[in-house]
Structures are given as structure tokens and as C-alpha cells.
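There are 2 protein chains.
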Amino acid sequence: MRLLVVEDEVKLASYLKRGLEADGHAVDIAGDGEEGLWLARNQSYDVIVLDIMLPKRNGFQVCADLRGESNWTPILMLTAKDGEFDIEEALDTGADDYLTKPFSFVVLSARIRAIARRGAPERPAVLEVDDLRLDPAAHTVERGGTEIKVTAKEFSLLEFLMRHSGEAVRKTNILNAVWDWDFEGDSNVVEVYIGYLRRKIDDPFDRASIETVRGVGYRLRVGR
Amino acid sequence: MRLLVVEDEVKLASYLKRGLEADGHAVDIAGDGEEGLWLARNQSYDVIVLDIMLPKRNGFQVCADLRGESNWTPILMLTAKDGEFDIEEALDTGADDYLTKPFSFVVLSARIRAIARRGAPERPAVLEVDDLRLDPAAHTVERGGTEIKVTAKEFSLLEFLMRHSGEAVRKTNILNAVWDWDFEGDSNVVEVYIGYLRRKIDDPFDRASIETVRGVGYRLRVGR
DNA sequence: GGTTCCTCTCAGCGTTCTCTCAGCTACGGC
DNA sequence: GCCGTAGCTGAGAGAACGCTGAGAGGAACC
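Protein sequences appear in the order of chains A and B.
Under numbering that gives the first Met the number 0, the first residue of the first sequence carries the number 0, and numbering increases by one thereafter.
Under numbering that gives the first Met the number 0, the first residue of the second sequence carries the number 0, and numbering increases by one thereafter.
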């Protein structure tokens, strides 16, 4: 998909660009509201990710302008945690969804997919690896038909592994994708959560399971 | 690809230039941050390899400057092991990936290929020599369909041999490519690891195997 | 306000890997 | 056939790596 990210914080902009491109999207970045508005008017995007706090012209104004010009490109707004702005206001000015900073990449990616799908009402593809099924819409995981209860973090982690099944993924990549973008811890937390997931999804048969790739990270092995 | 390497340590810079050119890339070297910034602004590169500790302008500043100017050329940062600097900081300022010194050439080369591929998310090509298969993405090795478990070092060594299959490669070249660039041991490690690999991948049939070229090094012979 | 659940940190432990060393083997020149 | 050197290998030390249990702090829910 073609995405426009309007974000003035260079660190975050670059993080988003990197991740979204790795997901296979074409990403343009605008550093302020006017540049964002100009690009949105002159290019065609599938989704616009729009920060609220922006130089020159804030997110609400950009959003309102576009909707006033009958530009209905889906817009995902980014709001700060200690929301000086009302979240409802984002939706009222015509945004399709919002996300509170800080957020993790897996969550952002899911939201973008979700609002891009609006109007085309199929549910998001269920991820299947072997007899493991993860339904992003229902937020459920099952193995061989029986549901497995997982927490939010475990769910994101498993979703990431399933989207990269068969590949060895580095722990730092997992950290960058699943944890908040400004997460400041060491990667031991990944090991801990891999441990939790294993206890929940591993089974004694030769099915898909999480393998350790020493010195690299982990791989969701496809069983047979 | 066109690569820019910003590195003030002359030994390392020349090592990188030599190796990357042997890989078929065009390499420019900058000795300090300002020169690096100037080249990055005035030339077009596929990837920038950027040391953090630099005279005049450090890697973080160079990276932040470029991102601030909407220059999104993929950047691979080099950080020192005893990280005075936070590694996450490298990614936060807009770097696409980082590598901790000392590193081996095979790893650097793989990372450069990986970040240059962003946006085109296909997996890197599987290497095949005879019935030996090495999958860089999955980090797996198999011979005739059955998986062979190898350690990280063995994997790097085999990858190097397979990328040069049929050629006689010198032990010192192997040492330079697979071991850390400032490795200070004798080349007996290479012999030891060749031994480990042979025990794992050799088979009794007339298939690809590692031959000793006396006085030179080794050759991965292509069987029939 | 209390309880439960979730997330994350930390430290200790066991495993696995890497590398060195020393003695052995075998190749190739004479 | 002998000898010197290059290469091979088994043993073992030390380090790196990954896993886990315990528990603190917070958020969510009643």
C-alpha cells in the first residue's frame, strides 16, 4: 500500500518508515502539517498516519481540510498519552481511528490494515501456521480447534512470529516490533515472553513450535 | 550497490572497503562526520555504514541531520562493544540497523543486504551447492532434505564457503571474513571449525564436500 | 479499597559455544 | 623411504547465551 506519515519527530518518523517499508508498503514522510496537506492533495494514498501535534498546521486542521475537500482517504491519528487533546475530537474531525503514543509497531500495523479495509468488509486474514490459528480481528488464538488464552503482549509476539514463520527473527527486531517504540529495556523481556508463549502453545507432537536460534533469536518452525 | 562508509579508524575503513568491493559494491570512504554528511548530501547511496565515534560530528548527529533533511537512505550504525552510547539510541535517531564492534565481515555483509532490501520484503536467496542448501533467512542448513544443526560460527563459515564454492579460499581470507575483524588468534581456529563442519556435512557419497588445498586453504568442491 | 492479572526486572543456573593447546597424522619433497 | 611441515583432532577452560522462578510495580476490574 501507499502510506503517508505526517510526523515531525524525526526519530519516530524514521522508525515508522523503516517498519512500514519492511511490511512491504511505500512510505512518504511529511515533517509538518502543510507538507502533509500538500502531499495528501497531490498524491494518492491508501492510508494517512497523522500526528496531532505538528508545526505549521496541526493534525485536526489537516484532517478537517481534507474532509472539507471531499478527500476520504482513511486517516489514523496519533495522540500523546497525556492527551491534552480530546480523543473524541480526533474522530469528530473525520479521523477513522486513533492510537495513543507510545504504541508498538505490531499494533500500528494492525490498525493500518484495519482502516484500509474499511468499505471492503472482509475480515482480516486469519494467520495459520500448521494447526496454530491466530485471528487478528477476534483476537483469539487456537491450536487444533481448542482456544488458548493469551495476554495482549503474548498475542502481539505470536502474531509477529507467525507473520515471519520459518524465518529466524532477531531479538532486537522482535523488541522493535512488539514493544513500544521508545521501550528502553534489554531484550531479556523477549526471552521471558517466549517462555510464557512456549508454555501455552507448545505441544508434545511434531507441530509448529518456537525454536531458539542461538546467537540470533527465534524461529517459528512449521511442523508437518 | 553504491555504499558510503563513514569510519575514522583507518585500518577498519580499509578493511571494509576491500571486503565490500570484493562483494561487488562501489565504496566511498569518509574519515569524519562532516565529510560523511557532505558526501551523503551530494551523492546518492544505497546504504550508509556509519560509525558512532567520529571526529567533528558523531554518528548520531550525522544520522539525525540526514533524517531531518528527509534523507532516508538506509543507515547501518557501528557501535563499540562497551557501549558508552545506548544501542537503542542508534535506532531512535533513525538508523535502520546497528552492529556491535568487533563484528565479522560475513555478518556485516548480510546486514547490508538486509537493510537494502527494505521495501522489497522478499527473503534473501537460498544458497545451493549440489544437494547442500543454506537458507540465510531461516538460518537453516540441510543436505538432501534433512536438516543439519550448526552453530552460529559454523553457519557463517559454511555460508562463506558456499558463496565461493569451487574456489580455493585462503585461510587468512576466511579468518578475515568469518571471524571478527580484529581477531588476534592464529588460523588454527579455521582448521578446527572446518573439522567440525566436515563431521556435520560430509557424506559418504560423491557430493559437495570441503577439500583441503595444501599450502592455500580450502575449497568447497561441487559434486555431481 | 481490595484483588487479580499483566508486564517487566533481576539474579542464578545450566547448557552450549568458542577457542586454545598439544599431540598426532599425512602429504610431498628429496 | 625419510623427514619436515601443514593440517587434523580430542580434551578442556572460560565465556557467552538463554531459560526460569521470584517478585515488584501498575493497571484494570470489581
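Backbone N, C-alpha and C fix where the C-beta goes; we use that ideal spot for every residue, glycine too.
Just so we're clear, the structure is a prediction, and the values are computed from it rather than from any experiment.
Indicate whether at least one CB of chain B lies closer than 8 Å to the CB of residue 167 of chain A. yes
Could you pull the start and end residues of the alpha helix (DSSP H) that residue 110 of chain B belongs to? 104-115
Looking only at C-alpha atoms, which of A:112, A:141, A:38 and A:131 sits nearest to residue 164 of chain A? A:131
Three-state secondary structure (DSSP) of residue 5 of chain B: When DSSP states are grouped into helix, strand and coil, residue 5 of chain B belongs to the strand group.
Provide the residue(s) that pair with residue 219 of chain B in DSSP beta bridges, ordered along the chain. Partner(s): B:209.
Does the structure place the stretch 69-80 of chain B close enough to the stretch 41-51 of chain B that three or more beta carbon pairs sit under 8 Å? yes
Can you list, in chain order, the residues of its chain whose CB lies under 7 Å from that of residue 120 of chain A, leaving out five sequence neighbours each side? Because the pLDDT of residue 120 of chain A is 44, which lies under 50, any placement of that residue in the model is unreliable, and the number read from its coordinates should be weighed accordingly. Excluding sequence neighbours, residue 120 of chain A sits near nothing in its chain.
Along chain B, which residues have their Cβ under 8 Å away from the Cβ of residue 215 of chain A? Simply 138 and 151.
Below-8 Å beta-carbon distance, residue 117 of chain B vs any chain A residue: yes
Just to confirm my understanding: we take residue 197 of chain A, look at its own chain, exclude 5 residues before and 5 after, and list those with CB closer than 6 Å. What are they? 209
Entirely within the stretch 126-214 of chain A and at least 3 residues each: give me those beta strand (DSSP E) ranges in chain order. 126-128, 131-134, 139-142, 145-147, 167-169 and 208-212
Say whether the stretch 10-19 of chain A touches the stretch 34-46 of chain A, bearing in mind that this needs 3 or more beta-carbon pairs closer than 8 Å, one atom from each stretch. no
Alpha-carbon to alpha-carbon, residue 23 of chain B and residue 211 of chain B: Cα to Cα, the separation comes out at about 27 Å.
Check residue 14 of chain B in the structure and name its three-state DSSP category. helix
Which of the three DSSP states is assigned to residue 79 of chain B in this structure? coil
From residue 102 of chain A to residue 181 of chain A, what does the alpha carbon distance come to, in whole angstroms? 8 Å
Which word fits residue 202 of chain B, buried or exposed, when buried means at least 16 other C-beta atoms lie within 10 angstroms of its C-beta? exposed
Expressed to the nearest angstrom, what Euclidean distance is found between the alpha-carbon atoms of residue 98 of chain B and residue 134 of chain A? Note on geometry: alpha-carbon atoms of residue 98 of chain B and residue 134 of chain A lie some 35 Å from one another.
Run through the DSSP bridge pairs and tell me what residue 26 of chain B is partnered with. B:2
Output yes or no for whether 8 Å exceeds the beta carbon distance between residue 176 of chain B and residue 105 of chain B. Going by beta carbons, residue 176 of chain B and residue 105 of chain B fall inside the 8 Å limit.
Going by DSSP in three states, residue 53 of chain A sits in which element: helix, strand or coil? coil
Which residues in chain B sit within 8 Å of residue 230 of chain A, going by Cβ to Cβ distance? The structure shown does not extend to residue 230 of chain A, since chain A is modelled only from 0 through 223, so no value can be given for it.
Tell me the DSSP bridge mates of residue 48 of chain B? In DSSP, residue 48 of chain B forms a bridge with B:4 and B:75.
Could you check whether the Cβ of residue 132 of chain B sits closer than 8 Å to any Cβ belonging to chain A? no
How close, in whole Å, do the beta carbons of residue 117 of chain A and residue 73 of chain A come, if the pair is a contact with beta carbons under 8 Å? 6 Å
Taking Cβ to Cβ, would you say residue 214 of chain A is nearer than 8 Å to residue 173 of chain A? For residue 214 of chain A and residue 173 of chain A, no; Cβs fall outside 8 Å.
Please go through the same chain and pick out, in chain order, the residues whose beta-carbon is closer than 6 Å to the beta-carbon of residue 178 of chain B, but skip the five residues on each side of it. 103
Closest Cβ-Cβ distance between residue 92 of chain B and chain A: below 8 Å? For residue 92 of chain B, the nearest beta carbon of chain A is closer than 8 Å to its own beta carbon.
Residue span of the beta strand (DSSP E) that contains residue 64 of chain B, given as start and end: Not the beta strand (DSSP E): residue 64 of chain B falls in the alpha helix (DSSP H), residues 58-67.
What's the C-alpha gap between residue 62 of chain A and residue 155 of chain B? 50 Å
Nearest residue (CA-CA) to residue 142 of chain A, options A:153, A:107 and A:127: A:127
Would you report the Cα separation of residue 55 of chain A and residue 110 of chain A, rounded to the nearest angstrom? 27 Å
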